[in-house]
Every structure is written in structure tokens, then in C-alpha cells.
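Quick note on numbering: the sequence shown equals residues 1 to 531 in full-length UniProt numbering.
For every residue, glycine included, the Cβ atom is placed at its ideal position computed from N, Cα and C.
Predicted model, so just to flag it, every value in this text is computed and none were measured.
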Amino acid sequence: MKRDKKLWQLGLLLGAAFLAVGCGEKKDGDNQAKDNAGTSEQMLTVATKDPQVPLDMQQNTYTVIMQITDSTTESLLVTNEDGDLEPVLLTGMPEMSEDKLVYTFELKEDVSFHNGERLKSSDVKYSYERMIQKIKMASLLEKVVGYQDFADGKNDELTGFEIIDDTHFTITLTSPYSPFLSVLSTPYCAIYPEKAAEEAGDAWGLKTLYGTGPFKLDSYTAGKEAVVVKFDEYHGEEAGLDKIVFKFIANPNTQVLEYQKGTVDVVSALDSALYPTYANGELKDELYDFQPVGGFYLGLNVKDISDVKVREAISLSIDREAITESIVHGTAKPATSFLPEGLIGHDEKAEVYPYDPAKAKELLAEAGYADGYDLTITANTVTDVSVSIATAIQAQAKESGINVSIEKVDSAAWTDMKKQGKVACGVGSWYVDYNDPDSMLYPYGDGRTDYNSSFYHNDEFKQLLEDGVLTSDRAERQQIYQEAEQLLTRRDFAAVPIYNEKMFYLKKDYVENFKLSSNQRFFYHDAVIKK
1 MKRDKKLWQL
11 GLLLGAAFLA
21 VGCGEKKDGD
31 NQAKDNAGTS
41 EQMLTVATKD
51 PQVPLDMQQN
61 TYTVIMQITD
71 STTESLLVTN
81 EDGDLEPVLL
91 TGMPEMSEDK
101 LVYTFELKED
111 VSFHNGERLK
121 SSDVKYSYER
131 MIQKIKMASL
141 LEKVVGYQDF
151 ADGKNDELTG
161 FEIIDDTHFT
171 ITLTSPYSPF
181 LSVLSTPYCA
191 IYPEKAAEEA
201 GDAWGLKTLY
211 GTGPFKLDSY
221 TAGKEAVVVK
231 FDEYHGEEAG
241 LDKIVFKFIA
251 NPNTQVLEYQ
261 KGTVDVVSAL
271 DSALYPTYAN
281 GELKDELYDF
291 QPVGGFYLGL
301 NVKDISDVKV
311 REAISLSIDR
321 EAITESIVHG
331 TAKPATSFLP
341 EGLIGHDEKA
351 EVYPYDPAKA
361 KELLAEAGYA
371 DGYDLTITAN
381 TVTDVSVSIA
391 TAIQAQAKES
401 GINVSIEKVD
411 SAAWTDMKKQ
421 GKVACGVGSW
431 YVDYNDPDSM
441 LYPYGDGRTD
451 YNSSFYHNDE
461 FKQLLEDGVL
471 TSDRAERQQI
481 YQEAEQLLTR
491 RDFAAVPIYN
501 EKMFYLKKDY
511 VENFKLSSNQ
521 RFFYHDAVIK
531 K
């Protein structure tokens, strides 16, 4: 893989989050993707996985959805290339009161949704209330006054959100929350038109999806593709592309074959298992890598696996270094923490979680499982590597006396099972939505674990997370989050980190200005095809 001109590895800090990929010479060929050369239409074709669920980040938090919806929907703010927040749908940055509790916002007046409706303050309020009702990412707004009463159905509105007029509103918090504006920049806080979303009902994200982004959804065909086209009434700079076709190709090898044939221009997430094949082959100059802030882990249901000795034994039964070598060919780092490098709270002195089958057996015996322990690992098939990780652990855990069975489910079933608390042990992956440890530890916040099949509740951990967002002092936050992470993964073993991966993608050299952030957000707004 060429590293001098064609490969830029993203820094772990969101301040250097964006990757602007360079351009190259025109390629020859007789294929679908290259037909652009003979027409005026700027069409980009991207090979990706089938999301299998509605394109709605408030319900389904999958990267494969986000890379489509990041072009069609927008939040109030975004993080720019310097790592700073900047307004998207606002006239300027929100004003904050001296006590850091009240934020005042002003919307742009010229913003239209894809269906022609004008953006109003009521749409913002509706979108936030909808997110709370959808539960999945609800507690991102738990610091807003009235959140709990609204979430519990005791009130029919989020009282901390006050509409002044169509373009002005305020949001009041119960206590200072340092990452609040960063939270509002996440894709979960995208703004939807109230009337259209309500009328669409369950069809939202399937047949209907209106946002304010530079592209609008043209079609979404399960098992085939999603197509977005340029939105001519976009409030910002005009998009360079006329159309983006996201082709759903399940098999990673087939994705690459289609790329080689020229029917696709980008393979957005190359299976790491294929890295050795292409790193030194004919595609090496079109292979790029980047370092997301996050990684893979086992999420343990502490109700089903209630004995901490059993949870520790599971952690001890995993040879993380062997997994990174066998599955991703050494391109990932065996985990030393749930908080990756680059985040406040990461302990640089921490060592890789130990692999000790003998100790695991001892702990199981002490817990009453001297004859062995049966464990079901659930893996979401939307990510091939999840099944590979489960299979590797299945083989390794035998030496510790843990008998693993693997349950493979699709995205819809995975989401359902997690909400219902039916996943005892699941292969998960989590990446920051904003450059803050609060984002990484989000799944284990006290108000969230009952909805992600974890049920982890620890008053000390809860207090540490609350303390962490009250201060902006870096040294103080480092200590707070380091302690919280130790509780989570080395004392309570509610989460079992496995590795922090490096990711890869393929891109034709005639695709310019394609941007990708370290939190895996794909930005096609400035992309163009030059041949």
C-alpha cells in the first residue's frame, strides 16, 4: 500500500478528523462507473452493505446507514476540519448563559426540507422529542429539563425546549454538560420535518426520508441499492455530484470484484481480512486506511451473567493478540482500554487485557462451574468480522472451560433483541460520535443500559460519568474517566474490549474531494469525478 502520496492516516483527535483524498489520472475501461466520462452527469457508485433496516439514525445506529444519511440529513451543527464546532442550520453559534444552563439558538431563514417545507423551530423540537420516544439514542438529551417526565410519558412535551418563534428557541439543562453542543452535532440529532415524518409513520426511512442535506433520497430498494440525488434548493454550496448510488453487496470479495470491473468507484469499508491480498497487489495505490476512534468488544448482560467471576473468566479466555493476527492480520491493536488512544481517560500505561485460561478455570470453579460454562455469543451479520470474532473466541474459550455457541442474526433482529434484553453476550463495536470520553462510554450510562441488553448499574460509575461532564479541566477529566473505565472493564467486567481496528477502503483516483472523518462519517458534498 502506497503511503507517500495516496495514504493519509487520520489522527485520533477529531481536530484532524477529516481525510481529503487526492486525485489521479483518468483510467481507461468499458464499464458502468466509467460511463460518466461520456456524459455530463456526475454519478458516484459506492459498494456497501445492505442496512437491512430503515434509514433512520434515531432508530438504528449503523455506520452503513450513516454514510447514506450524512448526505441527506443535517444536524444544527457539525465539527469542521479543525475539530471545531460550526453552525449548519443556525445563523451562528448558540449563546450560553453564565451558569451554562441555557442555550439560545437562531435558525437560518432560507432552509428548505427536500419536500419544500421550510425549517422551523417546531421541527427541531419535534426531532428531539422523536429521538427520545425512539429510545435508542434518547438519553443523549437526558440533561435537558423535562427529559425524564417526557420519556416516562408524564408530560406530552420536552419542557426544557422553549420555542420563541419560527427561527428562535432556547434549550435549558438541569446541570452544566460540557459536551452538549457536540451532542447536537451527531447524526442522531438530525432535523426532520414534523408533518412529513408523522404522516410517513413506519415508512420513514424506507419510502420517505426528508432532510435539509445537499442530496435527497431518490429510492431505497432493500437488497439492491439506495440512490440519492442533488438537492437543487440546498441552503449551502451546491454539491459537486449529481447522484450517488449505494450498491448493496453482501460479499466482501464481490465488492472488490465489482470495483475491479469498474461498476463501482468506491468500496467504503474493505473487509480487513482482505488486506493482505490487496495491500501489495494491483490495487495497492487505490487502497487507503484510516484510524477510527473506537473498536470491537463483547457486551455482557449482567443480569444473565450476574457473577462477576464468570464475566472476568470470559475476559481471561480471550487471546486478543491472536485474534488481531488471525482475523485482521495485525492491522488492529489489541485492546488495553475501552477508551482508545486520543481520548481523555485513556491510560497509556495500561497493558493488553490478559489471556489466562488457567485463571479463568479457577474463577469458573469458584463461581460453581467447575465442569464448564455454556455461553451464547450473538453476532450481527451486517458486519462479517463480528462472526469471525465470535468464532475465534469460540475456539479459544474451550481451553478455559467455556463452551461457546454462536447465534447469528440480521440487523433488525439484533436491534430487537438488544432492546428486549435478550442478548447475553454480543459482539459489538462502538465509535465516538464526538471527540469526548462521554461519547465512548455512552452505551453504559445509567439511563441506557436497560435498552442495550447490558443492565449494568453501578452508582460509583454513574457518579463518575456525571462528574466528568461538569468540568472542562482536562487533568481532572483524565482522572475521572480513567477511574470509570477501570470500573467498567477491569473490576465489573461489564464490557470486554477486544481490539481497536484500522479500517480500509478502495477509491478510484478520479474521485476527488471525498472526505471521511475519524468517527466514520462519509462526506460526499464536495466530491467530484474528474476524468
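DSSP state of residue i mapped onto helix, strand, coil
{"i": "Lys408", "result": "strand"}
{"i": "Lys93", "result": "The amino acid at residue 93 is misidentified as Lys; the sequence shows Met. It is coil, neither helix nor strand."}
{"i": "Met43", "result": "strand"}
{"i": "residue 581", "result": "Nothing can be reported for residue 581: it is not among the residues displayed for the chain, which extend from 1 to 531."}
{"i": "Met503", "result": "strand"}
{"i": "Leu339", "result": "coil"}
{"i": "Ser178", "result": "coil"}
{"i": "Thr159", "result": "coil"}
{"i": "Glu86", "result": "strand"}
{"i": "Gly468", "result": "helix"}
{"i": "Leu270", "result": "strand"}
{"i": "Ile305", "result": "coil"}
{"i": "Ala358", "result": "helix"}
{"i": "Asp218", "result": "strand"}
{"i": "Val102", "result": "strand"}
{"i": "Lys108", "result": "coil"}
{"i": "Thr79", "result": "strand"}
Close Cβ partners of residue i (< 7 Å) along its chain, the five nearest in sequence each way excluded
{"i": "Val229", "result": "Phe215, Lys216, Asp218, Asp242, Lys243"}
{"i": "Ala332", "result": "Thr324, Tyr499, Asn500, Glu501, Lys502"}
{"i": "Ser472", "result": "Ser178"}
{"i": "Glu321", "result": "Pro334, Val352"}
{"i": "Asp70", "result": "Pro187, Arg521, Phe522, Phe523"}
{"i": "Lys359", "result": "Leu316"}
Cβ neighbour criterion (16 or more within 10 Å) applied to residue i
{"i": "Asp30", "result": "Low confidence applies to Asp30: its pLDDT is 40, below 50, so where it sits in the model is not reliable enough to give any reading."}
{"i": "Lys261", "result": "exposed"}
{"i": "Lys120", "result": "buried"}
{"i": "Ile164", "result": "exposed"}
{"i": "Glu194", "result": "buried"}
{"i": "Gly401", "result": "buried"}
{"i": "Pro252", "result": "buried"}
{"i": "Asn80", "result": "exposed"}
{"i": "Asn403", "result": "exposed"}
{"i": "Leu14", "result": "At Leu14, the pLDDT of 35 sits below 50, so the modelled position is not reliable and the matter cannot be decided from this model."}
{"i": "Arg477", "result": "buried"}
{"i": "Thr254", "result": "exposed"}
{"i": "Ser175", "result": "exposed"}
{"i": "Asn301", "result": "buried"}
{"i": "Ala392", "result": "buried"}
{"i": "Arg474", "result": "exposed"}
{"i": "Gln482", "result": "buried"}
{"i": "Gln133", "result": "exposed"}
{"i": "Ser40", "result": "exposed"}
Cross-strand partners of residue i (DSSP beta bridge)
{"i": "Ile529", "result": "Val511"}
{"i": "Trp204", "result": "Thr208"}
{"i": "Lys247", "result": "Ala47, Glu225"}
{"i": "Asp438", "result": "Asp438 pairs with nothing; no bridge assigned."}
{"i": "Cys425", "result": "Leu300"}
{"i": "Pro334", "result": "Tyr499"}
{"i": "Asn403", "result": "Asp374"}
{"i": "Ala379", "result": "Lys408"}
Cutoff 6 Å; reference residue i; Cβ partners in own chain excluding five residues on either side
{"i": "Val183", "result": "Leu140"}
{"i": "Val421", "result": "First, the residue type needs correcting, since residue 421 is Gly and not Val in the sequence shown. So the list reads Ser453, once near-sequence residues are dropped."}
{"i": "Leu76", "result": "Leu89, Leu90, Leu184"}
Interface flag, residue i vs chain C, CB-CB below 8 Å
{"i": "Gln255", "result": "No chain C is part of this structure, which consists of one protein chain only."}
Evaluate contact between the region 276 to 294 and the region 339 to 350, counting only Cβ atoms and requiring at least three cross-stretch pairs below 8 Å. yes
contact_flag[the region 256 to 272, the region 371 to 378] where n(CB pairs < 8 Å) is 3 or more: no
Closer than 8 Å is the cut-off here; do at least three beta carbon pairs connect the region 486 to 495 with the region 432 to 439? no
Cβ contact check for the region 265 to 278 and the region 42 to 52: 3 or more pairs under 8 Å: yes
Contact between the region 144 to 158 and the region 117 to 132 is defined here as three or more beta-carbon pairs at a separation below 8 Å; is this criterion met? yes
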